[in-house]
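Using this note's numbering, read the sequence shown as starting at -5 and increasing by one per residue. Beta carbons are placed, not taken as given, at the ideal position from N, Cα and C, and that holds for glycine. Let me begin by presenting the structure, written as structure tokens, before commenting on it.
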Amino acid sequence: MSEIKRIKKLDDNVINKIAAGEIIQRPANAIKELLENSLDANSTQIIISVKQGGLGVIQIQDNGSGICKEDFPILCEKFTTSKLQEFQDLLTISTFGFRGEALASVTHVAHVQITSKTIDSPCAYKAEFSNSKLLEPPKPCAGNTGTIVRVEDLFYNIPIRKASLKSAREEYSKIIEVVSNYAILNAHKCSITLKKIDDNATSSPDVRIVAETSIEDCVVELFGGELSKQLLTIDLKNDKLDFFLSGRISKPNYNNRKFRFILFINQRLVHCDLLKKSIENVYGNLLPKHAYPFAFLHLQLPSKNIDVNVHPTKFEVHFLHQELIVASIQSFIEKSISSSSESRNFSTQSFLNRSTNSLNNSVSISTRPSEKIRVDPKLQKIHSFLTKSTATNCNRSLSVLKERNLCDDPTLKMENTSIISIGKPKETIKFPQFVKCKTPDKPLPMSESASFMVSHSTPDPVSKRHKRIFELTTLDNLRKSIEEITNICDWKNFVYVGMIDHDRILVQRDKDLLLLNTQVVNYNLFYQLCLYHFGNFGEIDLIDQNASEDDGNRTLLKDLFVYGLKGTDQLYEGVNADEMITLLISHSDLLLDYFSIKIDVEAKTLLTIPLVLDKFIPDLRRLPKFIVNLCTNINYSDEALCIHGICREIAEFYAFGIGSSSSLFADKTEFDTVFENTIPPMYRSFLHIPSSFEHDGTLVKLTSLPDLYSVFERC
Ligand SMILES: Nc1ncnc2c1ncn2[C@@H]1O[C@H](COP(=O)(O)OP(=O)(O)OP(=O)(O)O)[C@@H](O)[C@H]1O
Ligand SMILES: [Mg+2]
């Protein structure tokens, strides 16, 4: 029998060392904390000196407010701060510091000496600290107003951390990065200098920004003149989402070996992978392979909308409406680049699906015990506990659809009942038999979890087309009208729970369990996808190019039209099918250019339809109806009505056959996997939710956690 181990409280020293190791992960973190302290003290001059990449010595000298001699005894104790009193103060905090933990942490992993003088003190005081404690009473000494913090032998007592760090050179380059970033944002009020402590005292500073330098001059100083010539200034104010963004981004003619992405949120240097990725995507189509842009962004939000206390290094923050704000910034940056004249004359590179490798690697993941229990709905969805089809299965399910001869399926045989007064009666309709997808050069929106699905159609790597941006007022207006009716509820907490059937799914929002009518939501989703990816669709190829025309794999538009009228003969009595098809063909250029609907004008056959969402193929049995609607429901003479009408028809085509399209798959569970991996994730990452959903029965609250608790209590 194994020995039962008793629980004991850890020694304070061990606790402090563990906590300190989380906050001070490497020399650059220590410098960030000390630099923030100096800025919080309203310094106008900061000099940082570093030896051995920060592992030997870090010294930071400022001319800020200084520290009172009386505060020295508790200066480096944990949770002692002059910046926060009540927890509520966090909502309005404007200083970098608030926890009173940084200095304490440094003293647990290094030897620290602090010298400081306030303006009304006759002299400075110096003292040494270890493990949060003042070692001896502070000694008077000469000094200017301000503070000098000297940190020696960082990680002397955590050899494993020291050993795992990169070389002193690499650590120093990380320090340069952090100091440069702070220097740009604070250049208007503070001089910041970074230099190596050199035994020969010959080296010049690596960062030297003098107060009141403009952002452009900072960029010249820090990154060289070439970049400064290629900078675009951006300013975006959004009253609805309540944010202001200012910054500088590189024009598409600039490229660098590494993506230099500097993000400040309310003056704090933070990471935001979602925003970084979305900007990377914008440039991904414009820059050559292995070339990256520069972006320096400062996002300002009301402090009540941002939670700064989420990570020990303070490198992360959470903010409200994150996905909507990121989407708005992304589209603004797209527009800004497209309207800069240089953006039109550079060589472009087709999108390379970077997720492909990870897709292939995603097979055979073993389950850890912690993954067997659902502890946090944000991390695990209910369906992750069900047996998943592997990526190979998904791939197979798509190829099933691709390779199966749809006419062989008895469910698809259409009998000769539709002898309508127009056109030639048909025995059966020849449906397009070959479905091959080609994604556009710009990636189609892909759901978060779609990365678990194998790409069945790799983008054409030789194509040079980049995402096309259309400056059509009508398109802008249609998009605006969507944004205006959007409900800015907090969809960050939206969690997919599970599927009842393809028309109804369960979702959780905050404490509520909701039933979602997916037909309506999907219609909105596909309509919005059409508007936002106007002119940039992939193609679903309906014709096997290798097959000869006699193979019977081509379907005349007229046949599709005639068959589509089945059951609607009352309404369309007297309609001339030939005239309708001629009308459609007369708009073939428009249909191809904007909507990837390719028509063989000579043969009067349909070659391609748009691929609106990567990996998702609509039910092709709805194609005849789609063609009828394209012929009869669209006002081609009015730009706005035409765009709206075609987007609406595509959305209907995609959204309303989902339930029945499962019969196209050999195995229904495979279709379910395709559905679940593709559609619900888009609700959260892409969809603008109209506020009407809350009242019109599209979203129905079934129960909530508090209600369930009261049921349990009664039981
Ligand atoms: N350079 C400095 N100039 C003036 N006061 C300082 C300086 N550095 C530290 N202090 C004082 O020491 C206190 C403790 O600093 P410390 O960095 O540990 O905590 P904090 O900045 O309050 O919070 P956080 O842990 O979030 O950084 C500060 O609140 C501040 O009063
Ligand atoms: Mg601090």
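Tell me whether A14, by its Cβ, gets closer than 7 Å to a heavy atom of ligand 3.
For ligand 3, the structure offers nothing, since it holds only ligand 1 and ligand 2.
Please name the residue in K26, L509 and L585 whose C-alpha comes closest to that of L693.
To locate residue 693, count along the sequence shown from 1; it is residue 699. Nearest option by C-alpha distance: L509.
Taking the alpha-carbon positions, what's the Y119 to P132 distance?
Residue mapping note: residue 119 aligns to position 125 of the sequence shown, counting from 1. Residue mapping note: residue 132 aligns to position 138 of the sequence shown, counting from 1. Straight-line Cα distance between these residues: approximately 6 Å.
Output the boundary residues of the beta strand (DSSP E) element that contains I727.
A query on residue 727 cannot be resolved here, the shown segment of the chain reaching from -5 to 709 and no further.
Under a Cβ-count criterion, where at least 16 other Cβ atoms within 10 Å of its own Cβ denotes burial, should R0 be classed as buried or exposed?
Here residue 0 corresponds to residue number 6 of the sequence shown, with the count starting at 1. With fewer than 16 other Cβ atoms from the protein chains shown falling within 10 Å of its own Cβ, R0 counts as exposed.
Please state whether the Cβ-Cβ distance between F123 and V103 is less than 8 Å.
One-based indexing of the sequence shown puts residue 123 at position 129. One-based indexing of the sequence shown puts residue 103 at position 109. At the C-beta level, F123 and V103 stay beyond 8 Å of one another.
What residues are listed by DSSP as bridge partners for T602?
To locate residue 602, count along the sequence shown from 1; it is residue 608. DSSP, once it has assigned bridges, lists D535 and K592 as partnering T602.
What is the DSSP secondary structure of A121, reduced to helix, strand or coil?
Indexing the sequence shown from 1 puts residue 121 at position 127. Looking at A121 - three-state DSSP - the assignment turns out to be strand.
Leaving out five residues before and five after G529 in sequence, what residues of the same chain have Cβ atoms less than 6 Å from its Cβ?
Indexing the sequence shown from 1 puts residue 529 at position 535. These residues qualify, in order along the chain: R462, F464 and Y588.
Can you list the beta strand (DSSP E) stretches of 3 or more residues lying completely in the region 224 to 266, in chain order?
Counting whole runs of 3 or more residues, the region 224 to 266 contains the beta strand (DSSP E) stretches 225 to 232, 237 to 244 and 254 to 259.
Looking only at its own chain, which residues have a Cβ that is under 6 Å from the Cβ of P287, when we skip the five neighbours before and after it?
Within the sequence shown, residue 287 is the residue found at index 293, counting from 1. For P287, where only same-chain residues beyond five positions count, the Cβ hits under 6 Å are S244 and Y277.
Assuming L710 contacts K298 (C-beta within less than 8 Å), just tell me the rounded distance between them.
Beyond the ends of the chain as shown, which are -5 and 709, falls residue 710; an answer cannot be given.
Going by other Cβ atoms of all chains shown within 10 Å of its Cβ, with 16 needed for buried, is S685 buried or exposed?
Numbered from its first residue, the sequence shown carries residue 685 at position 691. The residue in question, S685, is exposed, as its Cβ has fewer than 16 Cβ neighbours within 10 Å.
For V103, name the three-state secondary structure that DSSP assigns.
Counting from one through the sequence shown, the residue named residue 103 turns up at place 109. In the three-state scheme derived from DSSP, where H, G and I count as helix and E and B as strand, V103 is classed as helix.
Inter-residue spacing [alpha-carbon to alpha-carbon] between T75 and K45:
As a first step, residue 75 is located in the sequence shown; it is residue number 81 there, counting from the start. As a first step, residue 45 is located in the sequence shown; it is residue number 51 there, counting from the start. A direct Cα-to-Cα measurement between T75 and K45 gives close to 28 Å.
Contact check, G15 vs E165, beta carbons under 8 Å
Along the sequence shown, one-based indexing puts residue 15 at 21. Along the sequence shown, one-based indexing puts residue 165 at 171. No, Cβ-Cβ distance for G15 and E165 is not below 8 Å.
Report all residues from its chain with a CB closer than 6 Å to the CB of R155; omit the five preceding and five following residues, and keep chain order.
By 1-based counting over the sequence shown, the position of residue 155 is 161. If you ignore the 5 residues before and after R155, its C-beta comes within less than 6 Å of the C-beta of F149, all in its own chain and listed in chain order.
Would the C-beta of R262 count as close to ligand 1, meaning under 7 Å from any of its heavy atoms?
Here residue 262 refers to the residue found at position 268 of the sequence shown. Taking non-hydrogen atoms of ligand 1 into account, the C-beta of R262 is found less than 7 Å away from none of them.
Note down, in chain order, each residue of its chain lying with its Cβ closer than 7 Å to the Cβ of L635, except the 5 sequence neighbours on either side.
Here the question's residue 635 lines up with position 641 in the sequence shown. For L635, where only same-chain residues beyond five positions count, the Cβ hits under 7 Å are N629.
What's the gap between the Cα of I169 and the Cα of P134?
Taking the sequence shown and counting its residues from 1, one reaches residue 169 at position 175. Taking the sequence shown and counting its residues from 1, one reaches residue 134 at position 140. Roughly 32 Å between the two C-alpha positions.
Pull up the CB-CB distance for T672 and K609, whole angstroms please, since I reckon it's below 8 Å.
For this step, residue 672 is matched to residue 678 along the sequence shown. For this step, residue 609 is matched to residue 615 along the sequence shown. With 8 Å as the limit, T672 and K609 qualify as a contact, their Cβ atoms being about 5 Å apart.
State yes or no: is the C-beta of E646 nearer than 7 Å to some heavy atom of ligand 1?
In the sequence shown, residue 646 corresponds to position 652, counting from 1. Of the heavy atoms belonging to ligand 1, none sits nearer than 7 Å to the Cβ of E646.
Among I41, D65, F66 and C62, nearest to I54 - alpha-carbon criterion:
Taking the sequence shown and counting its residues from 1, the one referred to as residue 54 is at position 60. Distances from the alpha-carbon of I54 to those of I41, D65, F66 and C62 put I41 closest.
When you compare only the Cα positions, how much space is there between V311 and L216?
The sequence position of residue 311 within the sequence shown is 317, counting from 1. The sequence position of residue 216 within the sequence shown is 222, counting from 1. The alpha-carbon atoms of V311 and L216 are separated by roughly 26 Å.
Report yes if the CB atom of I327 is closer than 8 Å to the CB atom of I273, and no otherwise.
Start at 1 with the first residue of the sequence shown, and residue 327 comes out as number 333. Start at 1 with the first residue of the sequence shown, and residue 273 comes out as number 279. A contact, by the Cβ cut-off of 8 Å.
Using a threshold of 7 Å, is the CB atom of A96 nearer than that to any non-hydrogen atom of ligand 1?
Counting from 1 along the sequence shown, the entry for residue 96 is found at position 102. A heavy atom of ligand 1 is found nearer than 7 Å to the CB of A96.
Between the beta-carbon of I203 and the beta-carbon of I228, is there less than 8 Å?
Here residue 203 corresponds to residue number 209 of the sequence shown, with the count starting at 1. Here residue 228 corresponds to residue number 234 of the sequence shown, with the count starting at 1. Taking a C-beta distance under 8 Å as the contact criterion, I203 and I228 do not qualify as a contact pair.
Within 10 Å of its beta-carbon, does P282 have 16 or more other beta-carbons around it, so buried, or fewer, so exposed?
Walking along the sequence shown from the start, residue 282 turns up at place 288. P282 is exposed by the Cβ-count criterion.
Could you check which residue in T549, L536 and F531 has the C-alpha nearest to that of L585?
Stepping through the sequence shown from its first residue, residue 585 is reached at position 591. Distance from the Cα of L585 is smallest, within the candidate group T549, L536 and F531, for F531.
Give the secondary structure of H638 by DSSP, where H, G and I count as helix, E and B as strand, and everything else as coil.
Mapped onto the sequence shown, residue 638 falls at position 644. Helix, per DSSP.
Option nearest T112 by Cα separation, candidates R93, V556 and T141
Locating residue 112 in the sequence shown gives position 118, counting from the first residue. Checking every option, the nearest Cα to that of T112 belongs to T141.
Quick check on the burial criterion: 16 or more other C-beta atoms within 10 angstroms. Buried or exposed for L28?
As a working note, residue 28 is residue 34 in the sequence shown. With 16 or more other Cβ atoms within 10 Å, it is buried.
Using the C-alpha atoms, what's the distance from L607 back to D34?
If you number the sequence shown from 1, residue 34 lands on position 40. If you number the sequence shown from 1, residue 607 lands on position 613. The alpha-carbon atoms of D34 and L607 are separated by roughly 48 Å.
Check whether the Cβ atoms of L601 and L536 lie closer than 8 Å to each other.
For the purposes of this step, residue 601 is taken as residue 607 along the sequence shown, with counting starting at 1. For the purposes of this step, residue 536 is taken as residue 542 along the sequence shown, with counting starting at 1. Taking 8 Å as the Cβ cut-off, L601 and L536 qualify as a contacting pair.
Just reading off the alpha helix (DSSP H) that P21 is part of, what are its end residues?
The count along the sequence shown starts at 1 and reaches residue 21 at position 27. Per DSSP, P21 is one residue of the alpha helix (DSSP H) stretching across P21 to D34.
List the residues that DSSP assigns as beta-bridge partners of K289.
Taking the first residue of the sequence shown as position 1, residue 289 is located at position 295. According to the sequence as given, residue 289 is Ala; it is not Lys. BP columns for A289 point to I243 and F255.
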